[in-house]
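Trainee:
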Ligand SMILES: [Zn+2]
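In the working numbering, the protein residues as written are 123 to 296.
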């Protein structure tokens, strides 16, 4: 509750609520919403919606950028998925080597593999996007390979589910 700027309000009676980005204003002392908003606006306390006159070209450009960002985000997720699988495999190989020969060299290699896996596991949201863009710049061939591997896995998983459904349905109908 806040003090209502539209009437002399010693007892805070203005309720401000955010409903999905739209601010709802209600004065329990009885001021109209218009009066309360006008008074807030006068005091510079009302978030003005920035009027944007977007041309058709602007909108098209924006839509293109959004579509590109979405496809980049999808690729980043696919890349990360395969990357994790490979790093996990590398770590377990490093562990086996260390187990059979606990040399300083093998210990170092194991530590290095574990750290890489840890770093990749922590990626999400913005850090994932940043790491993906760096990977695209430094090793585009590996990125392409990892993404297509993820897509293959996805196809395999879909096929597997489909087969499972078919087999189960056939068994049920017997
Ligand atoms: Zn009021």
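By construction, the Cβ of each residue, glycine as well, lies at the ideal position given by its N, Cα and C atoms.
Remember, it's a predicted structure, so these values are computed and weren't measured experimentally.
Report the CB separation of residue 151 from residue 135 in whole angstroms; it is logged as a contact under 8 Å.
Mentor: 5 Å
Trainee: Buried or exposed for residue 202, going by 16 or more other Cβ atoms inside 10 Å?
Mentor: buried
Trainee: What did DSSP end up calling residue 149 once you bin it into helix, strand or coil?
Mentor: strand
Trainee: Give a single yes or no on whether residue 131 has its beta carbon closer than 7 Å to a heavy atom of ligand 1.
Mentor: yes
Trainee: Which residue spans inside the segment 231-283 form an unbroken alpha helix (DSSP H) run of at least 4?
Mentor: With a minimum length of 4 residues, the continuous alpha helix (DSSP H) runs that stay inside the segment 231-283 are 247-260.
Trainee: Report yes if the C-beta distance between residue 254 and residue 198 is below 8 Å; otherwise report no.
Mentor: Contact flag set, yes.
Trainee: Figure out for me which residue from 140, 200 and 185 has the closest Cα to the Cα of residue 369.
Mentor: Coverage of the chain is limited to positions 123 through 296, which leaves residue 369 absent and any answer about it impossible.
Trainee: According to DSSP, is residue 286 helix, strand or coil?
Mentor: helix
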